[in-house]
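These protein sequence lines map, in sequence, to chains E and A.
Here the first sequence is numbered in the numbering used here, starting from 481 and rising by one per residue.
Here the second sequence is numbered in the numbering used here, starting from 481 and rising by one per residue.
Quick reminder that beta carbons are idealized off the backbone N, C-alpha and C, glycines included.
Written out below as C-alpha cells is the structure these notes cover.
There are 2 protein chains.
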Amino acid sequence: MSKPLILVSNDDGYNAKGISKLIDLVKPYGDVVVVAPEKGESGMSHAITIKRPLRLTKISEETNLRIYSCSGTPVDSVKLALNQLLDRKPDILVSGINHGSNASISVIYSGTMGAAIEGCFNGIPSIGFSVCDHDKDADFDLAVKYSKIIFEDVLKNKLPKGICLNVNYPVIDINKVKGIKICKQTNGVWKEEFDKRTDPYGQNYYWLTGSFKNAEPDNTNTDEWALANNYVAVVPIKVNLTADNFIDKLNNRLND
Amino acid sequence: MSKPLILVSNDDGYNAKGISKLIDLVKPYGDVVVVAPEKGESGMSHAITIKRPLRLTKISEETNLRIYSCSGTPVDSVKLALNQLLDRKPDILVSGINHGSNASISVIYSGTMGAAIEGCFNGIPSIGFSVCDHDKDADFDLAVKYSKIIFEDVLKNKLPKGICLNVNYPVIDINKVKGIKICKQTNGVWKEEFDKRTDPYGQNYYWLTGSFKNAEPDNTNTDEWALANNYVAVVPIKVNLTADNFIDKLNNRLND
Numbered sequence: 481m482s483k484p485l486i487l488v489s490n491d492d493g494y495n496a497k498g499i500s501k502l503i504d505l506v507k508p509y510g511d512v513v514v515v516a517p518e519k520g521e522s523g524m525s526h527a528i529t530i531k532r533p534l535r536l537t538k539i540s541e542e543t544n545l546r547i548y549s550c551s552g553t554p555v556d557s558v559k560l561a562l563n564q565l566l567d568r569k570p571d572i573l574v575s576g577i578n579h580g581s582n583a584s585i586s587v588i589y590s591g592t593m594g595a596a597i598e599g600c601f602n603g604i605p606s607i608g609f610s611v612c613d614h615d616k617d618a619d620f621d622l623a624v625k626y627s628k629i630i631f632e633d634v635l636k637n638k639l640p641k642g643i644c645l646n647v648n649y650p651v652i653d654i655n656k657v658k659g660i661k662i663c664k665q666t667n668g669v670w671k672e673e674f675d676k677r678t679d680p681y682g683q684n685y686y687w688l689t690g691s692f693k694n695a696e697p698d699n700t701n702t703d704e705w706a707l708a709n710n711y712v713a714v715v716p717i718k719v720n721l722t723a724d725n726f727i728d729k730l731n732n733r734l735n736d
Numbered sequence: 481m482s483k484p485l486i487l488v489s490n491d492d493g494y495n496a497k498g499i500s501k502l503i504d505l506v507k508p509y510g511d512v513v514v515v516a517p518e519k520g521e522s523g524m525s526h527a528i529t530i531k532r533p534l535r536l537t538k539i540s541e542e543t544n545l546r547i548y549s550c551s552g553t554p555v556d557s558v559k560l561a562l563n564q565l566l567d568r569k570p571d572i573l574v575s576g577i578n579h580g581s582n583a584s585i586s587v588i589y590s591g592t593m594g595a596a597i598e599g600c601f602n603g604i605p606s607i608g609f610s611v612c613d614h615d616k617d618a619d620f621d622l623a624v625k626y627s628k629i630i631f632e633d634v635l636k637n638k639l640p641k642g643i644c645l646n647v648n649y650p651v652i653d654i655n656k657v658k659g660i661k662i663c664k665q666t667n668g669v670w671k672e673e674f675d676k677r678t679d680p681y682g683q684n685y686y687w688l689t690g691s692f693k694n695a696e697p698d699n700t701n702t703d704e705w706a707l708a709n710n711y712v713a714v715v716p717i718k719v720n721l722t723a724d725n726f727i728d729k730l731n732n733r734l735n736d
C-alpha cells in the first residue's frame, strides 16, 4: 500500500511560520505536497482568480516533500494542486496553521478555511488549523501538540462527506489547556469596522478594522466560549449551506 | 412610519446591466442606497480587503436613490454601507442581479452571495439574485418578474435569523417558466479546471476554467435540477455552517 498523500496549504503564504510547523508535523506520515500562496492572502475567503492567469513556482523538493508557491488565492492553490500537480486524490488536506483566529463567523472570511472547504468539495478529509495570535512569531507549541492528535484521527478515521473541521487554539500556556471541545460556530458579527482617514490630497479613505460582537457569550457550546475558557475549539463545518428546516415554510410563502 | 431602507449591491460592478435592473425594480418601494464594486469582482466570495485602504465614490444622487462605487469587494461594499453611509439598519438587502449562475456550490465562490451573507450576519433580510447567463447583455425579463415577487415577500415577511436566499434563474423564454421551486444546494464539484499555457518567455501559466460535475443529477429537490427543468430555483442558505449532527460522534473520537 502506498504512503498517504498529504496536501498542505494556508493563507499566510508558503513561507509563514505556521505552515512550516504544519509541514514538520505531517512529514513523518506520508508524501507531502505543499501548494500555498506566494504572499499573504488573509481574508480571501473562498475567492478564486478568473481575470488573470496563475503561476506555480517550485520552491524546494526533497524526499517525500515538494513545496510550491502559487500566485493566487488559497482556493486557487488547492485547485492547481489537485488538477495540475497530483496524480491521485490526496488522503488528507491540512490548511494553516493560520496566524489569527478563524473561530465564529471568521470561518467564512478565512482563506485558510477556504482551502479546507475546497478540499471538502473534492471529497478529501480536510482540516483548517488556526492559533488566535496574528503575530508572525506566534507560539505554535500548543497548536502542534493538538494538531497531531486531530490529524492522526482524521487520517485514520476520515470525515463524513461534506464535512470539514475548523480548529482554533487559544493563546495560553500549553500546561493550562483543558483539552479539546467539539463546538458550534458562535453566532455574532463584526462591528464598527472602519478607520476613516484623509489622504494628502484631501480625499477620504477607509481602513477595515473592528471588533467581534458575540451574540451568545454565555453559550458554553460555542467555539468562542471554548477558546475563552482554555479549550481547543473544534467545529465540524458543513459545506452544503441549505437551511433544510426553512424549505417548507418558504414554499408556503412563495407558492401559496 | 418611514419608508423602507433598501441596500443594493452586487459583484459585477455598479454599472452592470443586472444591478440597474434590480435598482429599477426596488426603487418604488423605499429609499434605495447602492454600494457596489467599481469593477467586476466575480468569484470574490466573502473576501475582505485588509492590506490596503478602501475608497467610496458617489456616482449619483436623486430623490430616494444614492449610488456609490467601492474600490473593494462586494463584502467590503456592504460593510462600508452599513458602517459609514447609513444611519440605520436597512430593512432589506438585495444583491445582483448577477450575470452568471450561483447555483449549487457556486454559492460559496460568489461575490454576489458574499454580499447577501454579510447582510444576513448583520440581521438584515438578504437575497442574492442571479441569471444563468454570463453575457453582459443577458436578458433579465424573467429575473425581474420573479425577483419582484420574492422581494415583496421578504420585505413583508422578513427571513428567519441566520438565513438568506440564493435565487437563480434559468435561461429560457419567460413564457416557459414553470414557477418557483424551493430547493437544496446541489452537491457537486468543479472539475478539470485549468488551461495550461506557455508565455512568450517559456514559462507556464494557468487559466482557471472547468465544468461543474453534478453529484446528484437525478435529485429533483436540488437547484441544478430545478434550473434544468425550467423552474426558478430558490435555496434558503444558513450562515452558521456547524454540522450539528456530527458533534457527538466527533466528540467520541477525539475525547474518548
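| message | Once the 5 residues before and after residue 608 of chain A are set aside, which same chain residues still bring their CB inside 6 Å of it? | response | Counting from one through the second sequence, the residue named residue 608 of chain A turns up at place 128. 575, 576, 592, 593, 596, 646, listed in sequence order.
| query | Can residue 819 of chain E and residue 713 of chain E be called in contact, C-beta distance under 7 Å? | reply | Residue 819 of chain E lies beyond the stretch modelled for chain E, which goes from 481 to 736, so this question has no answer here.
| request: Hey, could you find the ends of the beta strand (DSSP E) residue 542 of chain E is sitting in? | output: Mapped onto the first sequence, residue 542 of chain E falls at position 62. First-last of the beta strand (DSSP E) with residue 542 of chain E: 536 to 542.
| message | Between A:725, A:718, A:728, which has its C-alpha nearest residue 724 of chain E's C-alpha? | response | Taking the first residue of the first sequence as 1, we reach residue 724 of chain E at position 244. When each option's Cα is compared against that of residue 724 of chain E, the closest is A:718.
| Coarse secondary structure for residue 621 of chain A, derived from DSSP in three states | Reading the second sequence from its first residue, position 141 is the one you call residue 621 of chain A. Reduced to three states, the DSSP call for residue 621 of chain A is helix.
| field | Close Cβ partners of residue 672 of chain E (< 6 Å) along its chain, the five nearest in sequence each way excluded | value | One-based indexing of the first sequence puts residue 672 of chain E at position 192. Excluding positions up to five away in sequence, the list reads 690.
| message | Can you look up residue 589 of chain E in the DSSP assignment and give me helix, strand or coil? | response | Within the first sequence, numbered from 1, the residue matching residue 589 of chain E stands at position 109. If DSSP states are grouped into helix, strand and coil, residue 589 of chain E belongs with the helices.
| query | What residues in its chain sit with their C-beta under 8 Å from that of residue 612 of chain A, if we drop five residues either side in the sequence? | reply | Sequence index remark: in the second sequence, residue 612 of chain A carries index 132 (1-based). Result list for residue 612 of chain A: 580, 581, 583, 648, 649, 650, 651, 707, in chain order.
| said: Tell me which residues share the same chain as residue 669 of chain E and place their Cβ nearer than 8 Å to its Cβ, disregarding the 5 neighbours each side in the sequence. | reply: Taking the first residue of the first sequence as position 1, residue 669 of chain E is located at position 189. Once the five neighbours on either side are set aside, the close Cβ partners of residue 669 of chain E are 585, 692, 693, 695.
| task | Assign residue 521 of chain A to buried or exposed, taking buried as 16 or more other Cβ atoms, counted over all protein chains shown, within 10 Å of its Cβ. | result | Residue numbering aside, residue 521 of chain A sits at position 41 when the second sequence is read from its first letter. The residue is buried, with at least 16 neighbouring Cβ atoms inside 10 Å.
| request: List the residues of chain A that residue 505 of chain E touches, going by C-beta distances under 8 Å, in chain order. | output: Reading the first sequence from its first residue, position 25 is the one you call residue 505 of chain E. Those do not exist, as residue 505 of chain E stays about 17 Å from chain A at its closest Cβ, beyond 8 Å.
| Neighbour flag for residue 734 of chain A against chain E, beta carbons, 7 Å | As a working mapping, residue 734 of chain A is identified with position 254 in the second sequence. Judged by the 7 Å Cβ criterion, residue 734 of chain A is in contact with chain E.
| Among the residues of its own chain, which have a CB less than 6 Å from the CB of residue 501 of chain A, if the five just before and after it don't count? | To locate residue 501 of chain A, count along the second sequence from 1; it is residue 21. Excluding five sequence positions before and after residue 501 of chain A, the CB atoms of its chain that fall closer than 6 Å to its own CB belong to 577, 620, 624, given in chain order.
| field | Distance between beta carbons of residue 503 of chain A and residue 512 of chain A, contact taken as under 8 Å | value | Here residue 512 of chain A corresponds to residue number 32 of the second sequence, with the count starting at 1. Here residue 503 of chain A corresponds to residue number 23 of the second sequence, with the count starting at 1. At roughly 6 Å, the Cβ-Cβ gap stays under 8 Å, so residue 512 of chain A and residue 503 of chain A are in contact.
| task | Label residue 495 of chain A either buried or exposed according to how many other C-beta atoms from any shown protein chain fall within 10 Å of its C-beta, with 16 as the threshold for buried. | result | Here residue 495 of chain A refers to the residue found at position 15 of the second sequence. Result: exposed.
| message | Do residue 618 of chain A and residue 557 of chain A count as a contact pair if the criterion is CB distance below 7 Å? | response | Working through the second sequence from its first residue, we reach residue 557 of chain A at position 77. Working through the second sequence from its first residue, we reach residue 618 of chain A at position 138. The beta carbons of residue 557 of chain A and residue 618 of chain A sit no closer together than 7 Å.
| How long is the line joining the alpha carbons of residue 631 of chain A and residue 546 of chain E, rounded to whole angstroms? | Sequence index remark: in the second sequence, residue 631 of chain A carries index 151 (1-based). Sequence index remark: in the first sequence, residue 546 of chain E carries index 66 (1-based). So the alpha carbons of these two residues sit roughly 51 Å apart.
| If you check the beta carbons only, do residue 715 of chain E and residue 728 of chain E fall under 7 Å apart? | Position 235 of the first sequence, counted from the first residue, corresponds to residue 715 of chain E. Position 248 of the first sequence, counted from the first residue, corresponds to residue 728 of chain E. Not a contact, by the Cβ cut-off of 7 Å.
| query | Residues of chain E with CB under 7 Å from residue 776 of chain A, in chain order? | reply | The structure shown does not extend to residue 776 of chain A, since chain A spans only 481 to 736, so no value can be given for it.
| Where residue 642 of chain E meets chain A, residues with beta-carbon distance less than 9 Å | Locating residue 642 of chain E in the first sequence gives position 162, counting from the first residue. What residue 642 of chain E touches in chain A: 667, 723.
| field | residue 680 of chain E and residue 638 of chain E closer than 7 Å at C-beta | value | Stepping through the first sequence from its first residue, residue 680 of chain E is reached at position 200. Stepping through the first sequence from its first residue, residue 638 of chain E is reached at position 158. Cβ distance not < 7 Å, so residue 680 of chain E and residue 638 of chain E don't count as in contact.
| query | If we call anything under 7 Å between Cβ atoms a contact, is residue 665 of chain A one with residue 684 of chain E? | reply | Position 185 of the second sequence, counted from the first residue, corresponds to residue 665 of chain A. Position 204 of the first sequence, counted from the first residue, corresponds to residue 684 of chain E. Using a Cβ distance threshold of 7 Å, residue 665 of chain A and residue 684 of chain E do not count as a contacting pair.
| residue 633 of chain E at chain A interface by Cβ criterion, 7 Å | If you number the first sequence from 1, residue 633 of chain E lands on position 153. Closer than 7 Å: yes.
| What whole-angstrom Cβ distance do residue 633 of chain A and residue 734 of chain E have, given they're in contact under 8 Å? | Within the second sequence, numbered from 1, the residue matching residue 633 of chain A stands at position 153. Within the first sequence, numbered from 1, the residue matching residue 734 of chain E stands at position 254. Yes, residue 633 of chain A and residue 734 of chain E are in contact; Cβ-Cβ is about 6 Å, under 8 Å.
| As assigned by DSSP and simplified to three states, the class of residue 487 of chain A | Position 7 of the second sequence, counted from the first residue, corresponds to residue 487 of chain A. If DSSP states are grouped into helix, strand and coil, residue 487 of chain A belongs with the strands.
| Inter-residue spacing [alpha-carbon to alpha-carbon] between residue 534 of chain E and residue 551 of chain E | Counting from 1 along the first sequence, the entry for residue 534 of chain E is found at position 54. Counting from 1 along the first sequence, the entry for residue 551 of chain E is found at position 71. Residue 534 of chain E and residue 551 of chain E: Cα-Cα distance of roughly 6 Å.
| Out of curiosity, what's the CA-to-CA distance linking residue 549 of chain A and residue 518 of chain A? | Position 69 of the second sequence, counted from the first residue, corresponds to residue 549 of chain A. Position 38 of the second sequence, counted from the first residue, corresponds to residue 518 of chain A. A straight-line Cα-Cα distance of about 5 Å links residue 549 of chain A and residue 518 of chain A.
| Are the Cβ atoms of residue 523 of chain A and residue 530 of chain E separated by less than 7 Å? | By one-based count along the second sequence, residue 523 of chain A stands at place 43. By one-based count along the first sequence, residue 530 of chain E stands at place 50. Cβ distance < 7 Å, so residue 523 of chain A and residue 530 of chain E count as in contact.
| request: Ignore the nearest five residues each way along the sequence and tell me which others in residue 626 of chain A's own chain have a CB closer than 8 Å to its CB. | output: Walking along the second sequence from the start, residue 626 of chain A turns up at place 146. If we look at residue 626 of chain A and ignore the five residues flanking it on each side, its Cβ neighbours are 647, 649, 657, 660, 712.
| message | Could you compute how far the alpha carbon of residue 590 of chain A sits from the alpha carbon of residue 655 of chain E? | response | Here residue 590 of chain A corresponds to residue number 110 of the second sequence, with the count starting at 1. Here residue 655 of chain E corresponds to residue number 175 of the first sequence, with the count starting at 1. Those two C-alpha atoms are separated by around 42 Å.
| request: Out of E:667, E:536, E:722, state which residue places its alpha-carbon closest to the alpha-carbon of residue 588 of chain A. | output: Translated into the one-based positions of the second sequence, residue 588 of chain A becomes position 108. It is E:722.
| chain A contact residues for residue 717 of chain E, given Cβ-Cβ distances below 8 Å | On the first sequence, residue 717 of chain E is found 237 positions in, with the first residue counted as 1. Below the 8 Å Cβ cutoff, chain A contributes 721, 722, 723 as neighbours of residue 717 of chain E, in chain order.
| request: Measuring only between beta-carbons, confirm whether residue 687 of chain E sits less than 7 Å from chain A. | output: Position 207 of the first sequence, counted from the start, is the residue given in the question as residue 687 of chain E. Taking a beta-carbon distance threshold of 7 Å, residue 687 of chain E counts as an interface residue toward chain A.
| request: Could you name each continuous beta strand (DSSP E) segment of 3 residues or more that falls completely within the stretch 623 to 709 of chain A, going from the start of the chain to the end? | output: The qualifying runs are 643 to 649, 659 to 662, 668 to 671, 674 to 678, 684 to 688, 691 to 694.
| task | Let me know the secondary structure DSSP gives residue 482 of chain A once reduced to three states. | result | Against the second sequence, residue 482 of chain A aligns to sequence position 2. Residue 482 of chain A falls in the coil class under three-state DSSP.
| Can you list, in chain order, the residues of the stretch 607 to 619 of chain E whose Cβ is nearer than 8 Å to any Cβ on chain A? | Answer in chain order: no residues at all.
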